[in-house]
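Engineer: First the structure, which I've put down as structure tokens, then a few questions once you've had a look.
Chains as they are written, first to last, in the working numbering: chain A, 15 to 799; chain B, 5 to 163.
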């Protein structure tokens with residue numbers, strides 16, 4: 015095995031120069047000749063029947079070129095997940111007869127400027143008949159609750175408004191509890207957070223005479239957007255071309271079809287002009303999709319040595335007015351519950367509940383932060399009860415390499431035990447643990463605590479388009495061009511794919527040119543939203559480059575009259591081992607191949623599908639069936655300081671010990687971890703979308719507190735490397751983009767308890783909750799005296 | 005009714021007819037095709053529209069274009085000379101301070117202004133200078149590293 019030159023190195027981002035000079039073109043920067051401005055009219059009611067829409071006055075506004083309502087659409091329903099029988103699509107891009115949340119799209123206009131467009135919006139008259147609305151998921155489940163989708167879905171009993179349900183069990187949970195020495199039962203709740211992407215949602219659509227619809231849209235994958243636009247517009251896939259644009263952050267919030275994308279397309283078709291729609295930040299906060307608050311009821315039975323014997327979990331997801339990814343979160347929560355620790359007996363039920371709130375989206379971690387917060391908090395409580403320390407109870411239950419999961423998946427080279435040990439050693443966890451609430455400083459104003467959280471995440475799963483292909487072609491000058499459908503949303507997809515191609519072909523990174531994410535000119539890609547990029551698209555790139563390498567070797571063998579086995583590939587050239595002075599450059603080899611092989615300029619193609627023998631994704635209803643072939647693991651430690659006078663908590667230090675398989679680019683891995691630590695910090699301590707009766711009451715950055723530079727926490731990393739990369743062979747790398755947002759959230763909760771002895775069951779951990787907890791704690795210890 | 009103004013941007017003087025309510029950001033992006041400055045909120049809360057006015061960072065989404073006559077505006081497009089990045093741009097690249105890149109132009113300009121005023125800033129000065137610039141991707145850690153790197157690099161170039 016030759017030494018690796020390009021993978022495993024902190025290669026600089028390929029798109030970096032474009033980004034630091036302001037040249038990178040995002041969707042918001044796209045400008046086309048004659049482009050119109052689009053605006054959307056939204057429902058002011060959380061639940062209402064639409065009786066009539068009159069657009070005549072709006073159409074007369076000078077400068078207005080098109081006005082559309084649901085009547086202009088084909089009325090084709092769509093959903094994030096859909097199947098004809100169990101999950102019929104439940105959502106329209108433009109409402110026709112009913113609206114189900116405040117902000118639902120009712121009409122749209124395109125005009126020569128924003129003034130005309132907004133004047134036209136004001137002149138659209140919509141007659142509504144308000145209907146009773148329900149916002150709380152528990153209330154929505156009651157038999158007398160207003161029904162949000164009376165004809166849909168089929169899962170209705172015994173509760174109302176169930177948009178989807180996952181029920182799964184294995185082992186014998188009752189037996190497990192009866193064999194337990196201690197059983198804990200707790201209820202945890204999480205809250206509503208937004209993704210916080212800085213680039214607003216935006217789309218430019220341009221319908222060309224002849225029938226091609228060109229689209230630029232801020233997204234997480236161009237192929238899924240093309241598919242959903244084609245279906246809802248009833249156009250052939252080939253009539254739509256979604257172009258690459260740089261993406262200013264997404265974090266799960268830009269995957270599914272959004273109404274503004276549909277409206278931009280339909281307005282452009284109607285006006286025969288390009289149309290651009292950019293959502294305002296207020297619209298994003300009030301009408302777009304946020305994450306998913308879960309209620310988690312958790313019952314766990316353990317032996318006195320800490321061995322988990324049984325776990326029973328009930329999850330209720332307030333998933334908004336349409337299915338969105340609500341049912342997916344309910345399925346995934348099952349997965350995030352069973353991944354890190356051995357569970358012999360588990361019973362799980364989860365409900366995605368329709369309410370008259372805005373639709374909910376995937377959000378980095380997609381259910382894992384909520385679930386790990388609950389389980390890791392309760393595990394610490396159990397450990398204390400059993401007089402075990404938080405490290406030994408985790409090590410006792412952590413999955414070992416090659417364990418089989420209940421659905422048939424395997425954890426392969428699982429590095430979790432090492433992650434737990436390394437994180438504990440590195441932070442001197444056990445020396446510090448308990449000092450805050452028990453040590454000498456327990457009466458001081460500022461108290462410190464330490465806590466651990468463990469998590470795991472899948473890498474790639476079967477959901478459209480499920481696979482990636484890459485084309486690598488040699489250029490006459492010996493450089494390489496890679497065509498990939500992968501979309502770089504900041505995670506560095508183009509860079510790591512280039513590293514892989516560079517490694518296989520021994521070509522400098524700068525000489526790998528990238529054409530990406532254009533549905534017309536690049537092959538299909540799994541997308542930047544299923545945590546499969548490095549593995550699925552990476553192996554496709556590796557295969558494509560390997561094919562090119564084999565072709566070059568064949569030509570070189572011919573030219574040098576040598577066996578391919580005796581050839582060495584190095585520095586854009588090939589020579590017979592031992593004779594580096596008589597080498598043939600790639601430039602020469604490409605010319606030779608064209609001359610000898612009927613013009614073949616050396617092109618390779620590679621394809622990869624995760625779990626290629628599985629025809630279907632797992633069942634959302636039963637959680638049966640294979641889910642993923644890669645699981646990343648992590649143990650994260652938080653050290654916090656609590657101000658017992660103000661209730662403010664500061665995250666002082668975050669340590670992430672992680673098994674992401676093989677880090678293809680350590681600098682990018684660090685960046686992903688830092689970002690997730692910061693996002694978890696916001697989740698834990700600062701951020702909340704506040705809603706009252708379906709209306710967002712803090713729709714701005716000023717009122718929604720996202721971490722600023724003042725909230726930065728020290729972030730340290732420990733790589734537990736469990737996989738290797740060998741040229742010419744498939745590699746198994748895992749996940750780094752969203753798995754590490756969860757353990758640290760739980761770790762912060764546990765660290766707060768360690769500091770002040772206050773256990774928090776609901777996020778966020780606000781000063782009010784801390785002070786209330788401290789007061790209760792004080793009165794409790796008073797009573798004991 | 006539009007007003008004729010002359011606006012100096014990145015050392016070039018432009019004669020422009022602008023609406024009285026047009027912000028500097030709109031004029032830069034829509035009339036001059038300088039799209040490096042972004043609109044992340046339009047209400048002065050995120051910092052992605054940061055440009056320099058006579059060397060000082062300002063929020064171009066809260067600034068009227070007609071108020072900028074006689075002011076030298078510098079945008080992100082005005083920093084690098086051809087392929088030669090400034091030390092701040094180079095440090096952002098090398099330290100991994102760039103992910104999605106949407107906050108990057110504003111960040112780079114705010115840091116450029118900071119290092120002119122204070123070539124070796126303390127952590128507190130760095131945080132003060134960047135407190136109005138949101139970044140969701142990096143957690144700010146690598147941005148602070150990049151500022152320190154740029155400061156070091158600038159001082160060694162000047163020495």
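Using N, Cα and C, we set each Cβ at its ideal position, and we do this for glycine too.
Nothing here was measured: the structure is a model prediction, and the numbers come from that model.
#1: With DSSP run on the structure shown, which of helix, strand or coil describes residue 394/A?
#2: Of all the alpha helix (DSSP H) runs that stay within the bounds of the region 338-387 of chain A, which reach a length of 4 or more residues?
#3: Check each candidate in 46/B, 85/B, 48/B and name the one with the smallest Cα separation from residue 34/A.
#4: Is the beta carbon of residue 154/A less than 7 Å from the beta carbon of residue 175/A?
#5: Let me know the secondary structure DSSP gives residue 581/A once reduced to three states.
#6: Taking only beta-carbon positions, decide if residue 700/A is within less than 7 Å of chain B.
#7: Provide the residue span of the beta strand (DSSP E) that contains residue 331/A, from first to last.
#8: Does the distance from the C-beta atom of residue 312/A to that of residue 392/A stay below 7 Å?
#9: Show which residues of chain A have a CB atom less than 7 Å away from the CB atom of residue 145/B.
#10: Along the chain, where does the alpha helix (DSSP H) that runs through residue 760/A open and close?
#11: With a threshold of 8 Å on Cβ separation, who are the neighbours of residue 791/A within its own chain once the five nearest residues in sequence on each side are excluded?
#12: Looking at the secondary structure, which residues open and close the beta strand (DSSP E) in which residue 668/A lies?
#13: Between which residues of its own chain and residue 129/B is the CB-CB distance below 8 Å, once the five residues before and five after are set aside?
#14: Quick check on DSSP: helix, strand or coil for residue 427/A?
#15: Comparing the C-beta of residue 499/A with each C-beta of chain B, is any distance below 7 Å?
#16: Flag residue 150/B as yes if its beta-carbon sits less than 7 Å from any beta-carbon of chain A, otherwise no.
#17: Across which residues does DSSP place residue 83/A in a beta bridge pair?
#18: Taking C-beta to C-beta, are residue 178/A and residue 366/A nearer than 7 Å?
#19: Output yes if chain B places a C-beta closer than 7 Å to the C-beta of residue 803/A; else output no.
#20: In whole angstroms, what is the alpha-carbon distance linking residue 612/A and residue 558/A?
#21: Rounded to whole angstroms, what's the CA-CA distance from residue 659/A to residue 455/A? Just pull it up for me.
#22: Residues in its own chain within less than 7 Å of residue 111/A by CB, not counting five upstream and five downstream?
#23: Counting only Cβ pairs nearer than 9 Å, list the residues of chain B close to residue 663/A.
#24: Let me check understanding here. Comparing Cα to Cα, which of 213/A, 784/A, 601/A lies closest to residue 655/A?
#25: Check whether chain A comes within 7 Å of residue 15/B, counting only Cβ atoms and requiring the distance to be less than that.
#26: By DSSP's criteria, residue 18/B is part of a beta bridge. Which residues make up the other side?
#27: Cβ of residue 59/B less than 7 Å from any chain A Cβ?
#28: Looking at chain A, which residues of the region 84-99 of chain B have a Cβ within less than 7 Å of any of its Cβ atoms?
#29: Look at the alpha carbon of residue 206/A and the alpha carbon of residue 437/A, and state the distance between them as a whole number of angstroms.
#30: For residue 228/A, list the residues DSSP reports as bridge partners.
#31: Which of the three DSSP states is assigned to residue 61/B in this structure?
#32: Starting from residue 617/A, follow the beta strand (DSSP E) in both directions and report where the run begins and ends.
#33: Cα-Cα, which of 500/A, 494/A, 163/A, 472/A is closest to residue 481/A?
#34: What did DSSP end up calling residue 5/B once you bin it into helix, strand or coil?
#35: Could you name the residues of chain B that residue 43/A contacts, counting a contact when the two beta carbons are closer than 7 Å?
#36: Could you check what DSSP says for residue 443/A in three-state terms: helix, strand or coil?
Structural biologist: Reading off the structure:
#1: helix
#2: 340-352
#3: 85/B
#4: yes
#5: strand
#6: no
#7: 322-332
#8: yes
#9: 688, 726, 729
#10: 757-770
#11: 770, 771, 772
#12: 663-673
#13: 118, 122
#14: coil
#15: no
#16: no
#17: 121/A
#18: yes
#19: Because chain A is modelled from 15 through 799, residue 803/A falls outside the range shown and cannot be assessed.
#20: 21 Å
#21: 14 Å
#22: 63, 64
#23: Those within 9 Å of residue 663/A in chain B number zero; the least Cβ separation is about 17 Å.
#24: 784/A
#25: no
#26: 11/B
#27: no
#28: 84, 89, 93, 96, 97, 98
#29: 30 Å
#30: 220/A, 255/A
#31: strand
#32: 617-623
#33: 500/A
#34: coil
#35: 39
#36: helix
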